[in-house]
Each structure stands twice: as C-alpha cells, then as structure tokens.
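Notes to accompany the following structure.
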Amino acid sequence: MHSENRFNLIDEPWIPITGFGLVSLRQLFSQNEFTALGGNPVQKIALTKLLLAITQAAYTPEDDDDWIALQPAGLADKCLAYLEKWHDRFYLYGKKPFLQMPAIKKAALQNFGAVLVEVSTGNTTVLTQSQVEKDLTDADKALLIVVLMGFGLGGKKTDNSVVLSPAYQGKFNNKGKFSAGKPGTSIGFLGFLHNFLLGKSLQETLWINLFTRRQILAIGIYPKGVGIPPWEQMPVGECDSVAESLKSSLMGRLIPVSRFVLLEQNGLHYSEGIAHSGHKEGIVDPSVSVDSSAKTPKAIWVDPEKRPWRLLTALLNFFSQTGNKGFNCYQLSLNIARVMPYVQSVNIWSGGLRVSSNAGEQYASGVDDFVESEIQIRSDALGEQWFANLRLEMDELEVLSKIVYGSTLNYFKNQNMESKGQAAQSSNLFWQLCERRFQDLVSLCDDTSQVRTLRPSFAEFVYKTYDTYCPKGTARQIDAWAKNRPNLSKYLKNTNEEGA
Amino acid sequence: MNIETKRAAQKENAPRSKSRSFVDFIIKRCHSDNGLRAKLTRADNPATEFQSWETLAAFHINLEYENQRLPYATIAAAIARAKADKNGETKIGQAIARCYEEGNESDQAKAKLRRLLACDSVPEVCRILRPLFSLIEAKGAGDMNYAGLLNDLLWFGNDDSQMRIKSRWAQDFYGKPVVGGDGDE
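Taken in order, these protein sequences are the chains called A and B. Remember, the working numbering sits 23 above the position in the first sequence when you count from 1. Remember, the working numbering sits 8 above the position in the second sequence when you count from 1.
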C-alpha cells in the first residue's frame, strides 16, 4: 500500500469546481474557464491556500511591476512547469505521500468520521442522514488531507502520545501526560474569518492574491520570506529545522502542517503537528483580519449571527483616513490598491467556520455554522469618499436595528410579557432583509447624493419587521402596536430634501 | 409603493368627494334650516332616525343597507349637534387624546381608545362613537374631520380596511406620523 505510488494529485481529478465537477491540478492550471472553487467554505479556504502555496513556490514576483508583467496566463505556465518538476511529490500514496508523515504510523488509527466536522461519531446523536459516516473516495481523502493541514479541530482526536521530535514538550501538559491537540492554525480558537479577493476566473483569482517579495518584506512577520513548501521538504518532527523555518515563513501560514497524518484504507493516523504562533503573539494569516492597535491583538471571528457583509467596514478599514488604527487584513489591504486599475470590479470573498470550544475540545454545535459571503465593488468607486459614505450608512443601519429591537421589546412589555427572544429575532430578520439590498448600497456609495435614495427601502424593512413580530389583532394589541411603532422621521429627513 | 398609493388614492378619491360633499351639504343646511338641524340631531337614535331619512335619501344613500345608512346618520347627527362651521382637521384618535389633560398617557383616554378599537362591526362602532362625540364637543377638542371619519366608517365593514382603519386611529391617538408602510400588506 505504501510502497507503490498511487493517485497523483496533478493527474487525477480531485478539486471541486463549481458548475463543473472534479478537476486535477494540471487541468486547473492549463484550462482557464474555471470560475470558482466548490465545496464548503473551509474546503474553499484550504484549497485556495494550497493553490497559492503552489503559485508562490512556482514564482514569487519581485515587486508590483514584475507582478503586472506576469499576468494570470504567465502564472499558470510557471505553475505547470513547477508541477512537472515536482511531479513525484504529489502522490497521495507512496514513498513520499503528499503532505503526510510516514513516521506517524505509530499513532493510533482514527476513522475518517472523527475528523469531519459534519459527521457524527461516538456518542454524538445522528439526526439526519447527512451526519452518517460515508465511505470516502481517494479524491475526498485528498481534499481531507489538505483541509486538515490548517483546519484540524482541537481536541482528543489527535493521538499525542507519539512525539516525533526528541525532547519536544509541546504535546505534554504540565502534569506530564499528553494533552489534547491544539486547534489548527487556520481555525484558531473560535474560527477565524478568512478573506480573499476573487477574479473572473480561478487563475485570475490566484494571480490577484499573489504576494510579491517586496510585500512579504513589508508585512514583516515572516522573516524567512516565502519559505519552502512542505512537499519539497517535509519536517521530520514537530520542532526540527524545517518546522522552525515553516513557522516563520509565509508558506507556514498557507500550509501550516498543524497535523501529522498518514492515510490508511479505512482511517488515518492522526496526531498534532507543528504548533505555530497565534494572533496574540502577533503572527497571523494574511487572510485574517486583526486589530493590533489594542493591548492584546483582536481578530475577527466568524459569527453566523453577524454575516460578513456587516463587517465590510472593518475589513476595509485601510480606506479610511485613520488607516493605521483598527483592523487590518493584509490580503485585502495590500492587494486591492494594486489590482484596481486592471479590473472593472473588485470582489471580496469572506468565509469560515464557527466552532465552540469546551475543555480544549472543538466542535460545531448550537448556532455554529459555515459562513461565506461575496461582495462586489466597482473599482472606480473605491476610495475614501466611498468608504466614508459606506461607514455612515452602516452606522445608521446599526441604529435602525437597535430601534427595531427596542420597539419590539417595548411592544411586549406594554402587554406585560417577556420577549427577549422575539426582539432578537426581529433584529435578525431586519438584517436578513437588509442583506438583499446591501449590494445596491455598496454600488451607490461613491455618489453622495444618490446614497440616501436607498434609505426609504431600509425604513420599509424596519416597518415590515416590526409588523411581522408585533401583531395587531385585538384592541390591546393595536394599542400597543401603535404606541411602539418606530419613528424614523430623523433617518428619513434628509432623503426628502435631497432625493427630489 | 407608488402603485399602492395610487390605488389607495383611487379608493379614497371616489367616496371622499361624496363624503366631503355630504358633510358640506349637511353643514350648509344646518346653518340655514333650524328645523332640519333638530331632525338631524335625532338621526342616530333608532327610535327617531326616520325623521332624517328624507335628507339622506336626497343624497342617494341606500337606506336599506345598514352599513351605508348608519355612518351617514351618525355623522349627520354629530355635525348637527356640534353646530359645526366647517369640516375640520382633527382626526378621531387625536380628538380622544386631546380630551384629557395627560393626552395619550391618560388611562381614561386609553380606555376610550381601546373600546373604540374593540368594535368589529359598523353598527357597533357607530353606537360607540355617539358618546365620544359628546365628550369631544364638551371638552372642545377641536374641529373634527367629519369627511375623513365618514370615509372610515363606510369602509369599516370590509375586514381588510377595518384593520387598517383601526391602526390609523391608534397611530393618530399616539401622535405617530402615518407615513411609509401602513403595514398590513
């Protein structure tokens, strides 16, 4: 099983593509009609990082001029050449299995369901058919390996009794027994929100998100620069020289090798891998947004209740005049300005997985969920004025959501009923209704006179939400309804003056 | 939204001009003919309402149909009793609030509003309005918009309109602007 090379990721189809099916790495780089990756958000992020690792390894431009000269087609050619050169490192099974550690065979065998978020194993109740463990194909297993590199959930599923580096203490707790596995670098404590720019085609997306050598130097937290990708040189243990150089390079954030794995027929050997520094220590994925101005750096976590479009002003904070304070996401801040002259519209993709944590064990429960959203902004509109308008309108929407919450709460209070549940739900419904018009708002924000014309629509949503949750059937209800109906005259005041 | 306002306006325009002309007509006749005014003051009492039928019939109102006869009779009686000079601007909700010192905070005002909102048929609402008119007149709460109220009463029989009318009365009571999204669409 392990001696013969099988299932090469360059030749076999395994990457899910929307509207097409599975493709191989060679197909991905030689055909440019693929628009976007498929799969759930975590798989999309992991795949994007893997593809970026391949492209950065194939060719990292020196500076922006070099990058412009490259163009997506040039990049694809360089990647194909690179893949040909390292063809024998991309076998899923073999002497040098892709991203796996043959030495970890000593660790216990874990079945595949244990490392898949949505599958119920052990005591977890099975509620729907989708939670039952299914057989995985080789393509599924390849995708799983890529995901586990960065997104392995923390907990006891990792067998930490096997330590590959001698004298490495990281897998033991202070009592000397082996500890639960730390969360994967890309997922963090609660689930980081990852952000990427999207292009018209998959190759263009990779080109847009590519960092130049000068940019990596400017970011400053990767002293070893791009670094060497793991398939060229796998670490031997958790803290050998290869692992240390991964920890301080960009490659280490793209393919963190947070888990040492080895595939078997019906399971995988699974143990904790390299322990990277986290955002609290100042090291961060370029796709994660962190506020380093506070005493302890804060990251933006995934919040299924607060969809990513609501975080747009935080993500794009670099447009405001007080640019250096607040949240910063390198993937966006460095690359948007660079790409603006060349594309008609900038698309920002945000997504991730929210998890709950209990005694070191991470799992998805309650309202935890995948989140993803895509926002399109016209390139000629982007700028300080646009950002200022957007921020103003978003702040006003926050005020409206508070008004909705308060009105619903008071409606029920007037009738001597408790109602935090309904008030929260009404606020939620308001945001859901606003989401439908958000793209229009974004498109209009560069024109100060036009931006107010959307306010009546949002006001309409407030009334609609209020009426949905506050019925007016009986006389008492009509009384309470009329008394607490939100008054939006101040919000709408300027529309009447300017909208005409 | 535009289509809705146009439709609403069309709905209101046809009867409104009839309501408005009825109100103006009654006001004019009450000023000129005291005997007629006296007969009209008795229009809302079931025992004596036949005295006003002549005037109502002259306006081509279908006397057999209760939901038409009662609103016209009630409004005519109110105008006659109050000796109104013109069709004012005060709506019924506002008027109730103005009757009491604390306005829409007053418990008594709220009780009166609630009784009004609890009506679900045209005869009931006309019956409840009678003492309200006396109260409004006594407290001097302002010139009522009789035409608007007549319109409301004529549409009160229709279930959908009834909800909308009651919401509007309640909003007037609380002094909330009745703009954007009357809500029950």
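Cβ coordinates follow ideal geometry from the N, Cα and C atoms, glycine included.
For His68 (chain B), same chain residues with a beta-carbon under 8 angstroms away, outside a window of 5 residues either side, do not exist. In this structure the stretch 54-70 of chain A lies against the stretch 33-45 of chain A, because at least three pairs of beta carbons, one per stretch, are closer than 8 angstroms.
Neighbours of Tyr108 (chain B) across chain A, judged by C-beta separation under 8 angstroms, do not exist; the nearest C-beta is about 15 angstroms away.
In the displayed model, Met440 (chain A) falls within coil according to three-state DSSP, outside both helix and strand.
Among the residues of chain A, none has a CB under 8 angstroms from the CB of Arg172 (chain B); the nearest is roughly 10 angstroms distant.
Between the C-alpha atoms of Val265 (chain A) and Leu150 (chain A) there is a straight-line separation of about 44 angstroms. By the Cβ criterion, the stretch 206-224 of chain A is not in contact with the stretch 240-249 of chain A, since fewer than three pairs of Cβ atoms, one from each stretch, lie closer than 8 angstroms.
Contact annotation for Ala404 (chain A) against chain B: no contact, minimum CB-CB distance about 27 angstroms [criterion: below 7 angstroms].
Taking 9 angstroms as the Cβ-Cβ cut-off, the stretch 119-140 of chain B approaches chain A at Leu121, Arg122, Arg123, Leu124, Leu125, Ala126 and Cys127, given in chain order. For Thr98 (chain B), the three-state secondary structure derived from DSSP is strand. Cβ atoms of Ala51 (chain B) and Ser40 (chain B) stay farther apart than 8 angstroms, at about 17 angstroms.
Bridge pairing for Ala322 (chain A): A:Val313 [DSSP]. About 6 angstroms separates the beta carbons of Leu355 (chain A) and Asn218 (chain A), which is inside the 8 angstroms limit, making them a contact pair. The beta carbon of Trp504 (chain A) sits closer than 8 angstroms to some beta carbon of chain B.
Straight-line measurement puts the Cα of Phe435 (chain A) at about 49 angstroms from the Cα of Lys72 (chain A). Each of A:Val140, A:Ala165, A:Lys164 and A:Asp161 was checked against the Cα of Gln154 (chain A), and the nearest Cα belongs to A:Val140. Non-local C-beta neighbours of Phe342 (chain A) in its own chain, meaning closer than 8 angstroms and more than five positions away in sequence, comprise Leu405, Gly406, Glu407, Trp409 and Phe410, ordered along the chain. Here the C-alpha atom of Glu109 (chain B) lies approximately 19 angstroms from the C-alpha atom of Asp502 (chain A). The bridge partners DSSP lists for Ser368 (chain A) are A:Arg401.
One alpha carbon belongs to Val325 (chain A), the other to Arg123 (chain B), and they sit about 51 angstroms apart. Around the CB of Arg29 (chain A), fewer than 16 other CB atoms lie within 10 Å, so the residue is classed as exposed. For Asp88 (chain A) against Arg361 (chain A), the beta-carbon gap comes to about 11 angstroms, at or over 8 angstroms, which does not count as contact. Close to Ala498 (chain A), with beta-carbon spacing below 7 angstroms, are these residues of chain B in chain order: Arg122, Leu125 and Ala126. Across the set A:Gln288, A:Ala446 and A:Arg478, the C-alpha of A:Arg478 shows the shortest separation from the C-alpha of Cys457 (chain A).
Interface annotation, Pro185 (chain B): in contact with chain A, CB-CB separation under 8 angstroms. For secondary structure counted as the beta strand (DSSP E) over 3 or more consecutive residues, the stretch 82-122 of chain A holds these complete runs in sequence order: 114-116. Neighbours of Phe164 (chain B) in chain A, taken as residues whose beta carbon is under 9 angstroms from its own, are absent, since the nearest beta carbon is some 14 angstroms off. At the C-beta level, Leu176 (chain A) and Gly222 (chain A) stay beyond 8 angstroms of one another. Shown here, Met124 (chain A) sits in coil according to DSSP, grouped into three states, outside any helix or strand.
For Arg29 (chain A), the secondary structure class from DSSP, reduced to helix, strand or coil, is strand. By the neighbour-count definition (other C-beta atoms within 10 Å, threshold 16), Ser373 (chain A) is a buried residue. Val378 (chain A) is classed as buried because its beta carbon has at least 16 other beta carbons within 10 Å across all chains shown. In the three-state reduction of the DSSP assignment, Met257 (chain A) falls in the coil class. Chain-ordered, the chain A residues with CB closer than 7 angstroms to the CB of Tyr182 (chain B) read Ala505 and Lys506. Asn55 (chain A) and Phe215 (chain A) have their C-alpha atoms spaced approximately 30 angstroms apart. Chain A places a beta carbon closer than 8 angstroms to that of Ser175 (chain B), counting this residue as a contact.
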